[in-house]
Structure formats: structure tokens, C-alpha cells
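Okay, structure first, notes after.
There are 2 protein chains.
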Amino acid sequence: MIEKAVVLLSGGLDSTTCLAIAKQKGYECYGLSFDYGQRHRAELRAAESTAQRFGVSDYKVIPINLRAFGGSALTDDNIPVPESEELAEVEGGIPVTYVPARNTIFLAIALGWAEVLGAQHIFIGVNAVDYSGYPDCRPEFIDAFQTMAHLATKAGTEGHGPVFHTPLIDLSKADIIKLGLKLGVDYGLTTSCYQADDEGRACGLCDSCRLRRKGFEGACVADPTRYVS
Amino acid sequence: MIEKAVVLLSGGLDSTTCLAIAKQKGYECYGLSFDYGQRHRAELRAAESTAQRFGVSDYKVIPINLRAFGGSALTDDNIPVPESEELAEVEGGIPVTYVPARNTIFLAIALGWAEVLGAQHIFIGVNAVDYSGYPDCRPEFIDAFQTMAHLATKAGTEGHGPVFHTPLIDLSKADIIKLGLKLGVDYGLTTSCYQADDEGRACGLCDSCRLRRKGFEGACVADPTRYVS
């Protein structure tokens, strides 16, 4: 029997590669995105088109308004997105683009959907090498979430709760890109920028754009990103 | 300095008692409820009125549509709410009113709000004595969530993440009621029924109604619940 996997999709480079990996492993994939009030709404269109391209069995966008409490440059218009390396560093390692408890909330909802589907796998494209320093992208967080999840659900207490997969966690951005290209990812369809415009064009200046650009350079691959200028 | 506490409020007997306890401990309280597509929507009105009565500094209702994936008698109209003890037992300990990952999702969102507020406490009225057998009401689940939460957030990694309080976890329903009455809870304002009508009247037949009724009997206190018949 083909096993099912819920794959978190943000429309970006990492989660799209993650979906390609889950498909390549032979799982029946279910795409899950969140309309959480993010600035960069073009990512939802990117997520849907990559989900369709890889033939997911179902794709859901769950609205969860994290602007209700804000606290991040991505969910509060009063906090600007930093546009240089210096600005990000002022924050002492965790930049203002950090969204409080975001991956905890997303994984919790994925856990619920996985239980209803009977899915034994959840894929999340977190990366702890070329990343913004968010605490909820580190392996120790994912491990603790896994332990908690087994206790949280009916499936978990019955011994068939989902396994959380983080296939990108130790890869450089360049290695992620090289792997994705082998698996047929079209990175031109993905959007990573924290403040992409309505047409999905990237600013080229934010932390996410810089990491992405550095990845294409490192992989010695032409950068297919559409920039605003 | 007065410390802040986020208190999860369902409008029921347990969470209202929990709020009374947090207030009595001297915390500045922030009430949090969820409009998750539950059948028993009267509970949201009950939650708001108990929040106001205890003078919370802020009260939020976060919409999170768990009907998007269903899987529970509370979020899927095709699964009826069992109305006798026998029906619940058929399910082998965890009844069909169990909502997949509900407390995981609710605590995750509370964790995010707590971080933005700078709150050092989160109160949840889970109880593992007179309860429906839900896995996410047990102390081992809360402990694992606490461990995960310290790794999930910026506040946690900096050593000032919130502590999760479960003051009711070892109490019988009768003892919860006796404690709440001492702290000024008006249980007539609370709604516990899984299928309360629009006016907040209880069915008297579901698991939650039976546990609540037994609690008032055990506490030797008149039951203020309004029943449909």
C-alpha cells in the first residue's frame, strides 16, 4: 500500500524541493499551505502551482491569521523587513522576520490533517545551514515536536503517528538546488522573497533573497528568480 | 512587576475555573478562544462573558477552521455526537468527539501570542480524571509540549519562554466545582455541552454533559445548567 505524506508548502525553494523528494520516495503527497497574513502573498500562488505540477492528491490552504497578534516583520506592517545583512545582525541572531511559533502552529495543523488522512509522514523543508537563524528550523526543535506529537494524538498513542521528515536540514542552499534540479524542480516557479510583489517578483535585498541568490551562485546555476529591478 | 498569563477559554466549566485560578494567583490575564468550526458555538459567547467577568486585559477569538479536514463529531456533521455511555465505550477509550491535534494547535497559537505579549505563563484547563480520554489532556502530553515550546521560540531559547500551567489536571470534576465556587465562578454562565443549542442550553446526554452533571452531584451543589428538556 502506498503511504501518504503531508508536505508543508510555502511556495519557496526549500519546500518545493521537499515535495520533489517526497514524490521521489514514492509517497502519495498532500500539499498544505497557510494564509497567515504574510506580506509575501505571491508565495501562495507559487505553492499552489508547484503542488499541481507535482501532482498532489489534495492541496489545502488553511487560513490562520497571525496578524491577530503580529510581532514579526512578516505579519505586522509597522515592522519593516530588513534589507541588508547589518540590519539582520543587530537583532542578535534571530531577525525581526522571525514569526513567533510559526512552525509550531503549522506542524500542529499538519499533525491534525495527517491523522484524519491516516498519513504516516509529514515533510517540512526546514534547513539549519543557510537559514535565518529561526529557532523553529533547528533539528532539536523538530525532534521535540516529534516526541510531543506521538503523545498528542489518537494515532500516536496507538503507535502509528506520523514521522516528521526534514530531508534538507543539513544541506547547504547550493546542495538543495542541485538536488532539486535533478528531481525536476523548476525554481522559476518558486518565490522566496519576504516582500515579493503581487506578480511574485523578488526584492533581491531581504535575508531570504540573499540566501537564495547565494545558493544559485554556489550551485553554479543561472538564477531564474525574477527581481523587481 | 505583574506577570502576564494567556488563559485558554472554551466557555466551559474547566477553563473558566482555570481563569479564576490565574486571576487569584495575581497574573494579568489574556483570554484566548478559538472559532474552530465547533458544533457548540454557544461556548464562544460563554467564553467571552466569563472573560469579561474576570476582567481580562485582552480577549481574542482566533478563527481556525478545523472543518477543513474534519475527522471528529465536533467538526464534521456526518459524525453524530454519541448520547450514551455505551456509544462512547465502543470507540475503545477515545471517543469520536476527539478532535485531531486540537490542543496541540490551540497551545501552539497560545505560545505565539504569549511570545508577542511577553507573557511567562499559559494556563490550560485540561483534566485527566473526569475526562473523555483525549490523549491531549494527559500530563505527559503537556510535559512534552513544554519541552518542545522552550526550543520553538526566541523567548524560549533566551530562557524566558512561558511555563504551561494545568492546575486542574489531577482534580475530580466535583473538586474543580468546589474550588471554582470559592473563587467566585458563576457556573450558570458556562457551557460544556458538545451540542448546546444557540441559546446555550445543554443536551444532558453527551459525554461532556454527563461528566458535568456528575461533578455537581459529587460536589453536592445545585446544577445551574440550563437543559433543553
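Sequence order for the protein chains is H and A. Just so we're aligned: the first sequence equals residues 4 to 232 in the working numbering. Just so we're aligned: the second sequence equals residues 4 to 232 in the working numbering. No residue lacks a Cβ here, since even glycine has one placed at the ideal position from N, Cα and C.
| query | result |
| --- | --- |
| Spatially closest choice to H/Arg48 from H/Ala113, H/Ser13, H/Glu86 and H/His153, by CA coordinates | H/Ser13 |
| Segment contact, 8 angstroms Cβ cut-off, at least three pairs: the stretch 20 to 28 of chain A with the stretch 170 to 187 of chain A | yes |
| Any alpha helix (DSSP H) of 4 or more consecutive residues that is wholly inside the stretch 160 to 207 of chain A | 176 to 185 |
| Beta-carbon neighbours of H/Met151, restricted to chain A and to distances below 8 angstroms | Thr107, Phe144, Ala147, Phe148, Thr150 and Met151 |
| N- and C-terminal bounds of the beta strand (DSSP E) containing H/Leu8 | This sequence places Ala at residue 8 of chain H; Leu is not what is there. H/Ala8 -> beta strand (DSSP E) spans Lys7 to Leu11. |
| At least 3 beta-carbon pairs within less than 8 angstroms: the stretch 66 to 75 of chain H vs the stretch 98 to 113 of chain H | yes |
| contact_flag[the stretch 71 to 86 of chain H, the stretch 53 to 60 of chain H] where n(CB pairs < 8 angstroms) is 3 or more | no |
| The beta strand (DSSP E) enclosing A/His124, as first and last residue numbers | His124 to Phe126 |
| Nonlocal neighbours in the same chain, by C-beta distance under 7 angstroms from A/Asp2, ignoring five residues either side | Chain A is shown from 4 up to 232; residue 2 of chain A falls before or after that span and cannot be answered. |
| Residues of the stretch 99 to 128 of chain H whose Cβ lies closer than 9 angstroms to any Cβ of chain A, in chain order | Tyr101, Val102, Pro103, Ala104, Arg105, Asn106, Thr107, Ile108, Phe109, Leu110, Ala111, Ile112, Ala113, Leu114, Gly115, Trp116, Ala117, Glu118, Val119 and Leu120 |
| Same chain, Cβ closer than 6 angstroms to A/Gly34, five either side skipped, listed in chain order | Val10, Leu12, Ala54, Val59 and Tyr62 |
| is_contact[H/Met4, chain A] using C-beta, thresh 8 angstroms | no |
| Contacts that A/Gly159 makes with chain H (C-beta to C-beta distance below 8 angstroms) | Pro138 |
| Outcome for H/Lys185 when other beta-carbon atoms lying within 10 angstroms are tallied against a minimum of 16 | exposed |
| Burial state of H/His163, where buried means 16 or more other Cβ atoms lie within 10 Å | exposed |
| Selected residue, minimal CA-CA separation from A/Pro138, among H/Trp116, H/Glu161 and H/Asp133 | H/Glu161 |
| Contact list for A/Ile67 against chain H, beta-carbon separation under 7 angstroms | Ile67 |
| Inter-residue Cα distance where the pair is H/Gly221 and H/Ala8 | 30 angstroms |
| Chain-ordered chain D contacts of H/Lys63 [CB-CB under 9 angstroms] | Looking at the structure shown, chain D is missing, and the protein chains on hand are H and A. |
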